[in-house]
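Numbering (our numbering), first residue to last: -15 to 356.
We put the CB at the ideal spot given by N, CA and C, even for glycine.
Model, not experiment: these values are computed from the prediction.
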Ligand SMILES: *Cc1c(COP(=O)(O)O)cnc(C)c1O
Ligand SMILES: [Zn+2]
């Protein structure tokens, strides 16, 4: 393993041991090394073990994990469209962010880092806090005041130190960066290791689909770590000849926050409402990897989709009536299917990753559904 980090904007390179979280030019960093998947190397059940040959860990055998099996790919129907949902909310902390945190935190451990700072609206903080607890790393989490209390409780119960910041995500990120001056800023939105973790979902999906790529994947996009991880995995598979064409990556955003579409149109994204929006997990006004997200959508022939709160509630309910309880942010991807109802059919083979567990947001769900 090489381990060198490279800046896609200015080309600067940094050895792994420098533990920098972004380039001196301000851009995010990626890994220089590219991985070549060979399915005969895929052994074991847990994603850290099974995909260790395509992960940037030096000692995958020693990696700490909760030993989960692959999450189910489960058939559902929305708006008459047959869909395979990837039940990633069943991972240990209740969201797909465990995949990213597992690789990022194990990398921190390999690099001898014992204190980290992260900022998040909840799920990545929970994942980082859990893996930090597992590996004995001291985690400081910066969160905006007023986010889902279940997530806040989860983070502090794992033993992470919680810093509640008044204001929005940007204020939160600034406070975290400041605090990271003498610690490691393990920010999932910047961190290249995190993306190599989130890419494991597409390896699982492709194995579950016998390497026959789906036509579409609808993905809720905030900072883009899920979409970019999926794109990274698909690029590796295509280069290795495991797939011949890309699924269209559909970037789903809330009507209250559409930076990907705005960026494509050259427009500025307006301020978010003061109160937390329904799809709180994708309320990211300035994704650090915005241009990379748009590039991934274009490269795969995908599109951006904007969904309303009303459709999110409908999608959430429709899923629950099929026995699947997800948080509103995840339901945005279901809501996006409504707009594609007459454009998609069974031959399109649609996949929707279900990103977060409904139990994380039950009080919010109670409010929006008027349930008792
Ligand atoms: C974080 C999150 C997303 C969005 O993922 P990004 O990596 O920020 O694009 C979607 N759904 C849930 C439940 C999340 O926690
Ligand atoms: Zn640079």
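Taking only three categories from DSSP, how would you classify residue i?
{"i": "residue 402", "result": "In the structure as shown, the chain begins at -15 and stops at 356. Residue 402 is therefore absent and cannot be evaluated."}
{"i": "residue 290", "result": "strand"}
{"i": "residue 299", "result": "helix"}
{"i": "residue 113", "result": "helix"}
{"i": "residue 12", "result": "coil"}
{"i": "residue 345", "result": "helix"}
{"i": "residue 234", "result": "strand"}
{"i": "residue 256", "result": "coil"}
{"i": "residue 351", "result": "helix"}
{"i": "residue 337", "result": "strand"}
{"i": "residue 123", "result": "strand"}
{"i": "residue 240", "result": "coil"}
{"i": "residue 118", "result": "helix"}
{"i": "residue 180", "result": "helix"}
{"i": "residue -3", "result": "strand"}
{"i": "residue 17", "result": "coil"}
{"i": "residue 137", "result": "helix"}
{"i": "residue 264", "result": "helix"}
{"i": "residue 100", "result": "strand"}
{"i": "residue 328", "result": "coil"}
{"i": "residue 190", "result": "helix"}
{"i": "residue -10", "result": "strand"}
So does residue i have its beta carbon nearer than 6 Å to some heavy atom of ligand 2?
{"i": "residue 11", "result": "yes"}
{"i": "residue -6", "result": "yes"}
{"i": "residue 215", "result": "no"}
{"i": "residue 92", "result": "no"}
{"i": "residue -9", "result": "yes"}
{"i": "residue 156", "result": "no"}
{"i": "residue 7", "result": "yes"}
Say yes only if the C-beta of residue i is nearer than 6 Å to one or more non-hydrogen atoms of ligand 1, and no if none qualify.
{"i": "residue 291", "result": "no"}
{"i": "residue 107", "result": "yes"}
{"i": "residue 208", "result": "yes"}
{"i": "residue 59", "result": "no"}
{"i": "residue 281", "result": "no"}
{"i": "residue 176", "result": "no"}
{"i": "residue 312", "result": "no"}
{"i": "residue 205", "result": "yes"}
{"i": "residue 339", "result": "yes"}
{"i": "residue 299", "result": "no"}
{"i": "residue 97", "result": "no"}
{"i": "residue 265", "result": "yes"}
{"i": "residue 133", "result": "no"}
{"i": "residue 79", "result": "yes"}
Please determine, among the options, the residue with the shortest C-alpha to C-alpha distance to residue i.
{"i": "residue 11", "options": "279, 175 and 70", "result": "175"}
{"i": "residue 319", "options": "88, 308, 303 and 333", "result": "303"}
{"i": "residue 225", "options": "103, 19, 4 and 348", "result": "19"}
{"i": "residue 61", "options": "109, 325 and 173", "result": "325"}
{"i": "residue 100", "options": "0, 122, 332 and 208", "result": "122"}
{"i": "residue 145", "options": "133, 125, 202 and 76", "result": "125"}
{"i": "residue 239", "options": "311, 250 and 317", "result": "317"}
{"i": "residue 282", "options": "98, 232 and 222", "result": "232"}
{"i": "residue 205", "options": "154, 255 and 273", "result": "273"}
{"i": "residue 73", "options": "312, 354 and 350", "result": "312"}
{"i": "residue 55", "options": "-3, 260, 79 and 98", "result": "79"}
{"i": "residue 309", "options": "275, 237, 286 and 344", "result": "344"}
{"i": "residue 191", "options": "57, 349, 263 and 296", "result": "57"}
{"i": "residue 68", "options": "336, 349, 350 and 342", "result": "336"}
Which ranges would you report for the alpha helix (DSSP H) in the segment 197 to 228 if only whole runs of at least 4 residues count?
-> For the segment 197 to 228, whole alpha helix (DSSP H) runs of length 4 or above, ordered along the chain, are 209 to 223.
Return the chain-ordered ranges of every alpha helix (DSSP H) run that is complete within the segment 20 to 95 and spans a minimum of 4 residues.
-> 31 to 34 and 81 to 94
Counting only runs that start and end within the segment 142 to 168, where is the alpha helix (DSSP H) found for 4 or more residues in a row?
-> 153 to 163
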